[in-house]
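Enquirer: So that we are looking at the same thing, I have put the structure below in structure tokens.
Residue numbers (my numbering): 71 to 312.
Take a look at the structure:
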């Protein structure tokens with residue numbers, strides 16, 4: 071059975087580790103992020119983490135209930151980095167756009183961690199605060215609670231799904247990623263119009279777009295849909311009062 075997690079202030083080592091650092095949850099998460107960047111998810115183990123920290127591997131359990139709990143903390147840290155410094159402009163659509171782009175970018179800065187955590191629900195502080203903010207933007211804009219939850223669901227899942235998709239590409243070995251990117255020129259651009267008229271007609275556009283993330287476009291489409299729905303609801307309310 072995992073050891074109980076005790077408060078952070080009760081867990082701090084009085085003496086530095088062999089590397090000279092004083093252990094904390096933040097230091098462990100930062101070290102784990104670096105290990106994921108260097109070795110991928112397979113390289114993140116309790117033993118390797120202990121070695122990287124200069125501490126006995128069992129020390130991890132004074133801070134986290136194992137690797138899965140650490141994984142959730144990593145995901146929450148990425149969300150925290152995404153929203154750090156963000157301030158509302160008072161324009162719900164601009165605010166959601168900015169938050170979506172921030173979340174996507176924060177995950178892509180750590181692609182191996184993104185692949186590992188984008189599908190998880192952490193229930194931790196940064197995630198909860200971000201969810202409260204997004205729901206608040208939508209409710210304050212005038213969406214019903216039902217529509218608020220529906221749009222929030224689409225918004226956050228779209229942000230994380232594209233983060234996972236784009237991060238998976240970035241996490242590929244460089245040679246594989248380059249080979250994938252070259253397919254649009256090496257294969258699609260050479261298909262004859264006689265057999266593939268639609269690909270041939272758009273090949274130059276495909277080559278220009280397909281190696282870039284579609285997330286900004288998808289995000290704008292979602293916001294357009296929400297905007298149109300809110301406008302229709304307001305027009306319906308105005309008509310009913312006439």
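All C-beta atoms in this analysis are idealised placements derived from N, C-alpha and C, irrespective of residue type, glycine included.
So, at 7 Å on beta carbons, what are the nonlocal neighbours of residue 102 in its own chain, with the 5 sequence-adjacent residues on each side left out?
Expert: In its chain, beyond the 5 residues on either side, 114, 119, 140 and 144 have a beta carbon closer than 7 Å to the beta carbon of residue 102.
Enquirer: Compare the Cα-Cα distances from residue 272 to each of 282, 260 and 209 and report the closest residue.
Expert: Nearest C-alpha to residue 272 among 282, 260 and 209: 260.
Enquirer: Output the boundary residues of the alpha helix (DSSP H) element that contains residue 139.
Expert: Counted as a single uninterrupted DSSP element, the alpha helix (DSSP H) harbouring residue 139 occupies residues 137-153.
Enquirer: May I ask which residues mark the beginning and end of the alpha helix (DSSP H) holding residue 196?
Expert: From DSSP, the alpha helix (DSSP H) with residue 196 extends over 195-211.
Enquirer: For residue 175 versus residue 106, is the C-beta distance shorter than 7 Å?
Expert: no
Enquirer: Leaving aside the five residues before and after residue 262 along the sequence, list all residues of the same chain whose C-beta is less than 8 Å from its C-beta, in chain order.
Expert: Once the five neighbours on either side are set aside, the close Cβ partners of residue 262 are 270.
Enquirer: Going by C-alpha to C-alpha distance, which of 235, 239 and 202 sits closest to residue 222?
Expert: 202
Enquirer: State buried or exposed for residue 266, treating a residue as buried only when at least 16 other CB atoms are found within 10 Å of its CB.
Expert: exposed
Enquirer: Given the structure, does residue 201 come close to the ligand ZN, in the sense that its CB is under 6 Å from one of the ligand's heavy atoms?
Expert: Here there are no bound small molecules, and the ligand ZN is not part of this structure.
Enquirer: Counting Cβ pairs, one atom from each stretch, are 3 or more of them under 8 Å apart for the stretch 244-255 and the stretch 201-221?
Expert: Output reads no: the stretch 201-221 does not touch the stretch 244-255.
Enquirer: Rounded to the nearest angstrom, what separates residue 160 and residue 205 at their Cα positions?
Expert: Between residue 160 and residue 205, the C-alpha separation is close to 14 Å.
Enquirer: My output table needs one value for residue 93: the three-state DSSP class, helix, strand or coil.
Expert: Of the three classes helix, strand and coil, the one that applies to residue 93 here is coil, per DSSP.
Enquirer: Taking its Cβ as the centre, do 16 or more other Cβ atoms sit within 10 Å of residue 229, making it buried, or is it exposed?
Expert: Flag for residue 229 reads buried.
Enquirer: Got a sec? Which residues, its chain only, sit under 8 Å from residue 71 by beta carbon, not counting five neighbours each side?
Expert: Unreliable positioning characterises residue 71 in this predicted model, as indicated by a pLDDT of 41, which lies under 50. The coordinate reading is nonetheless provided below. None.
Enquirer: How about residue 237 and residue 275: do their beta carbons lie closer than 7 Å?
Expert: No, these two residues do not count as a Cβ contact at 7 Å.
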